[in-house]
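Heads up: the structure comes next, in structure tokens.
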Amino acid sequence: MTAASKEEYFMREALKLARKGAGRVSPNPMVGAVIVKRGKIIGTGYHRFFGGPHAEINALETTGKRAQGADLYVTLEPCSHFGQTPPCTEAIIRSGIQRVFVGMTDPNPSVNGRGIRKLKRAGISVCCGILTRECERLNESFIKYITQKVPFVTLKSALSLDGKIAAYSGDSKWITCETSRKRVHRMRYEADAVMAGVGTVIADDPLLNVRLYKKAGKDPFRIIVDSGLKIPLAANVLQPDFAKRTMLAVLEEKANTVKADKIRRIGAQVLAVPGAHRRIDLKKLLKILAGRKIASILLEGGSEVNGAALDAGIVDKVILFYAPKIIGGKKAFGMVGGRGKEYVAGAVNIDRIRLNRSGSDFFIEGYVV
227 MTAASKEEYF MREALKLARK GAGRVSPNPM VGAVIVKRGK IIGTGYHRFF
277 GGPHAEINAL ETTGKRAQGA DLYVTLEPCS HFGQTPPCTE AIIRSGIQRV
327 FVGMTDPNPS VNGRGIRKLK RAGISVCCGI LTRECERLNE SFIKYITQKV
377 PFVTLKSALS LDGKIAAYSG DSKWITCETS RKRVHRMRYE ADAVMAGVGT
427 VIADDPLLNV RLYKKAGKDP FRIIVDSGLK IPLAANVLQP DFAKRTMLAV
477 LEEKANTVKA DKIRRIGAQV LAVPGAHRRI DLKKLLKILA GRKIASILLE
527 GGSEVNGAAL DAGIVDKVIL FYAPKIIGGK KAFGMVGGRG KEYVAGAVNI
577 DRIRLNRSGS DFFIEGYVV
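For what it's worth, this note's numbering labels the leading residue of the sequence shown as 227, then goes sequentially.
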């Protein structure tokens with residue numbers, strides 16, 4: 227292999243390790259590290275859980291004194307400040323690592339090049355920008371959260387080929403196949419929170435938890451957009467096993483009612499959110515959620531919440547699962563409700579599209595322009 231292809235090979239190995247931290251490290255980034263000596267991997271590590279040792283530290287622990295004169299490949303710039311853990315740069319310098327290859331610089335203002343400069347001042351050779359796009363895609367939620375102070379929002383929907391999310395009766399079980407449903411549970415596992423509208427709760431009474439997935443891990447927070455506090459107290463998301471990880475986003479004037487107090491006593495949180503015309507300001511809701519260290523949201527709403535989110539401009543990414551079915555009917559539910567756009571020229575545009583198979587279904591991933 228050429229020198230460039232070797233560097234990409236080892237960085238891909240670091241990326242594979244980093245992905246193991248999905249669903250466990252937020253609001254920190256996922257990071258993987260590989261230590262290489264004489265062309266062979268002698269140590270590996272990744273950030274395993276929030277508050278735990280960083281990838282570089284875990285990798286160095288597997289090598290001991292063998293790290294002397296070796297190369298370190300890491301998907302994200304090593305930190306140089308005290309946070310939940312001591313600076314990684316200090317451990318790298320002490321280890322005798324000779325060269326460090328970095329996938330991307332850390333967008334966190336507390337780091338942002340400082341770690342690289344510290345390593346260089348210590349006489350360590352640093353090479354940046356290896357598989358940067360892949361590294362950025364891996365931590366797209368962290369990048370938005372740390373730079374804009376709001377969560378990254380992914381709108382997910384399951385549709386028939388004619389774009390329906392439910393039949394005219396409201397029935398929607400099941401449009402997509404089991405493979406797709408398992409994939410969605412993986413997405414929930416990796417997200418900090420799942421968001422839905424109260425209409426979905428009233429119609430379907432969902433659990434909004436992680437099922438069909440054997441790997442241990444906590445459920446995401448459940449955020450129910452409920453401007454008028456219409457949620458039934460008997461809803462699944464308010465039951466004892468679920469209430470403590472449920473947040474109800476309500477208009478400010480509804481937050482201090484008798485019903486709101488009952489919901490708090492059950493164990494759920496009631497978030498008072500500004501709004502107008504009986505609708506919550508979703509942008510202000512995101513800022514409130516960011517203050518609770520929620521960096522990523524999987525939006526699994528009905529057509530009205532989907533439409534409101536797109537109109538508010540809070541959606542960053544869409545993942546649409548299409549089943550080989552045609553439901554039909556003028557009264558069947560489409561993916562996006564609300565008024566919609568008057569002219570095609572005003573449509574929401576999606577780019578960087580990827581098409582994938584999922585059992586008998588297919589799904590489209592893309593980013594809102």
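Every residue, glycine too, gets a C-beta built ideally from N, C-alpha and C. For clarity, every value in this text was computed on a predicted model and none was experimentally measured.
Closest Cα partner of Asn334 within the set Cys305, Cys353, Ile318 and Thr301:
Working through the sequence shown from its first residue, we reach residue 334 at position 108. It is Cys305.
Segment contact flag, the stretch 375-393 with the stretch 337-355, C-beta cutoff 8 Å, min 3 pairs:
no
Is the distance from the Cβ of Ile492 to the Cβ of Leu464 below 8 Å?
The residue given as residue 492 occupies position 266 in the sequence shown. The residue given as residue 464 occupies position 238 in the sequence shown. Going by C-beta atoms, Ile492 is nearer than 8 Å to Leu464.
Relative to the C-alpha of Glu366, which candidate in Lys556, Asn462, Asp542 and Phe559 has its C-alpha closest?
Walking along the sequence shown from the start, residue 366 turns up at place 140. Nearest C-alpha to Glu366: Asp542.
Which term fits Gly295, buried or exposed, when burial requires 16 or more other beta carbons within 10 angstroms of its beta carbon?
Sequence index remark: in the sequence shown, residue 295 carries index 69 (1-based). Its Cβ having fewer than 16 others within 10 Å, Gly295 is exposed.
For Cys305, which of helix, strand or coil comes out of DSSP?
By 1-based counting over the sequence shown, the position of residue 305 is 79. It is coil, neither helix nor strand.
Compute the distance between the beta-carbons of Ile450 and Ala475, then report whether it is under 8 Å.
Looking up residue 450 in the sequence shown gives position 224. Looking up residue 475 in the sequence shown gives position 249. The answer is yes: Cβ separation under 8 Å.
May I have the straight-line CA-CA distance separating Thr301 from Ala494, to the nearest angstrom?
As a position in the sequence shown, residue 301 is number 75, starting the count at 1. As a position in the sequence shown, residue 494 is number 268, starting the count at 1. If I take the Cα positions, the gap works out to 37 Å.
List, from N- to C-terminal side, the alpha helix (DSSP H) runs of 4 residues or more that fit wholly inside the stretch 402-430.
Under the rule that a run must span 4 or more residues, the alpha helix (DSSP H) segments found entirely inside the stretch 402-430 read 404-416 and 424-430.
With DSSP collapsed to three states, give me the class of Asn462.
For the purposes of this step, residue 462 is taken as the residue at position 236 of the sequence shown. The answer is helix: DSSP assigns Asn462 an H, G or I state.
For Lys567, which residues in the same chain have their Cβ closer than 7 Å to its Cβ, ignoring the five residues on either side in sequence?
Translated into positions along the sequence shown, residue 567 becomes position 341. Contacts found: Ala573.
Tell me the DSSP secondary structure of Gln294 in three-state form.
Position 68 of the sequence shown holds residue 294. It is coil, neither helix nor strand.
What separation, rounded to the nearest whole angstrom, lies between the Cα atoms of Ala521 and Thr228?
Translated into the one-based positions of the sequence shown, residue 521 becomes position 295. Translated into the one-based positions of the sequence shown, residue 228 becomes position 2. Using only the alpha carbons, I get a separation of about 38 Å.
Measuring straight from C-alpha to C-alpha, what distance separates Gly539 and Cys361?
Here residue 539 is taken as the residue at index 313 of the sequence shown, counted from 1. Here residue 361 is taken as the residue at index 135 of the sequence shown, counted from 1. Between Gly539 and Cys361, the C-alpha separation is close to 25 Å.
Quick check: what's the CA-CA separation for Asn346 versus Arg325?
Start at 1 with the first residue of the sequence shown, and residue 346 comes out as number 120. Start at 1 with the first residue of the sequence shown, and residue 325 comes out as number 99. As written in the sequence, residue 346 is Lys, which differs from the Asn given in the question. Roughly 10 Å between the two C-alpha positions.
Are three or more beta carbon pairs between the stretch 415-424 and the stretch 578-594 nearer than 8 Å?
no
Inter-residue Cα distance where the pair is Gly389 and Gly271
Along the sequence shown, read from residue 1 onward, the residue named residue 389 stands at position 163. Along the sequence shown, read from residue 1 onward, the residue named residue 271 stands at position 45. Distance between the alpha carbons of Gly389 and Gly271: 43 Å.
First and last residue of the alpha helix (DSSP H) that includes Phe368?
The residue you call residue 368 lines up with position 142 of the sequence shown. Looking at the DSSP string, the run of the alpha helix (DSSP H) that includes Phe368 is Glu366 to Gln374.
Rounded to the nearest angstrom, what separates Leu508 and Ser231 at their Cα positions?
For this step, residue 508 is matched to residue 282 along the sequence shown. For this step, residue 231 is matched to residue 5 along the sequence shown. The alpha-carbon atoms of Leu508 and Ser231 are separated by roughly 45 Å.
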